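Participant: Heads up: the sequence shown at position 99 corresponds to 101 in the numbering used here, and the numbers run straight through without jumps. For each residue, glycine too, the CB sits at the ideal point set by N, CA and C. No experiment lies behind these values; they were computed from the predicted model shown.
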Amino acid sequence: PKTGNVVGVDLGVSDLAITSDGQKYQSQRLHLSYKKQLHYWEKRMARRRLQAKKNGVALVDAKNYQQAKRQVARIHQRIKNIRKDYIHKITTDMVKSYDVIVLEDLKTTNMMKNHQLARSIAGQSWRMFRTILEAKCEMYDKTFVAINPYKTSQKCS
């Protein structure tokens, strides 16, 4: 159903998305919540790799190494699934609420050069957000517009 509403969406690090009418979609700090688990299994994987090399065993045959590798992959997959589910929920909410969605066309490769923000930017999955939003706009017959990000975060006077 048509709503007649138009919204601009600003993507950020502290909040995943902020709409022009003030609605904030919090970012999920998944890299922080799974940091301990990931660190534990990556450390075990590294130790088991060293042990296998020391014993002259190929990594393919090192069962303990493969087990740790599977655990690390499982944690990464869980993070990916949670992030994807959250983005699907947000984009569905936006597409049902607005007819025209305007999003800034961010170039993340330049932003990733800032090493303090790189992990946070990568963890936001802005590209996945945009791709899913575009697909849903097309599916629900809504208009999606990507604009130049120059001065998009500033309010008009």
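1) Looking only at C-alpha atoms, which of 137, 79, 73 and 60 sits nearest to residue 94?
2) Going along the chain, which residues of its own chain have a beta-carbon closer than 6 Å to the beta-carbon of residue 127, five neighbours each way excluded?
3) Excluding the five sequence neighbours on either side, which residues of its own chain have a C-beta within less than 6 Å of the C-beta of residue 26, listed in chain order?
4) Are there any heavy atoms of the ligand FAD lying less than 8 Å away from the beta-carbon of residue 31, as far as the coordinates show?
5) Under a three-way DSSP split, which group does residue 64 fall into?
6) Tell me the DSSP secondary structure of residue 21 in three-state form.
7) Who are the Cβ neighbours of residue 159 in its own chain at under 7 Å, not counting the five residues just before and after it?
8) How far does the alpha helix (DSSP H) with residue 37 in it extend, from its first residue to its last?
9) Kindly indicate which three-state DSSP category residue 5 falls into: helix, strand or coil?
10) So, at 7 Å on beta carbons, what are the nonlocal neighbours of residue 97 in its own chain, with the 5 sequence-adjacent residues on each side left out?
11) Any idea which residues DSSP pairs residue 12 with across the strands?
12) Enumerate in chain order the residues of its own chain whose CB-to-CB distance from residue 70 is below 7 Å, with the five nearest sequence positions on each side excluded.
13) In angstroms, rounded to a whole number, what distance separates the CA positions of residue 102 and residue 67?
14) Considering residue 26, what are the terminal residues of the beta strand (DSSP E) in which it resides?
Facilitator: According to the data block:
1) Per the Cα distances, 137.
2) Excluding positions up to five away in sequence, the list reads 85.
3) Short of 6 Å from the beta carbon of residue 26, and not among the five residues preceding or following it, lie these beta carbons of its own chain, in chain order: 17 and 20.
4) Although the ligand FAD was asked about, the structure shown includes no ligands whatsoever.
5) The answer is coil: DSSP assigns residue 64 none of H, G, I, E or B.
6) Secondary structure at residue 21: strand, using DSSP grouped into helix, strand and coil.
7) Confidence at residue 159 is low in this model, with a pLDDT of 36, below 50, so its placement is unreliable and the value that follows should be read with caution. Once the five neighbours on either side are set aside, residue 159 has no close Cβ partner at all.
8) In the DSSP assignment, residue 37 falls within the unbroken alpha helix (DSSP H) covering 37 to 57.
9) Three-state result, residue 5: coil.
10) The residues are 138, 139, 142 and 144.
11) According to DSSP, residue 12 bridges with 20.
12) For residue 70, the CB contacts under 7 Å within the same chain, skipping 5 residues up- and downstream, are 43, 46, 47 and 50 in chain order.
13) In a straight line, the C-alpha of residue 102 is about 50 Å away from that of residue 67.
14) For residue 26, the enclosing beta strand (DSSP E) has its first and last residue at 26 to 28.
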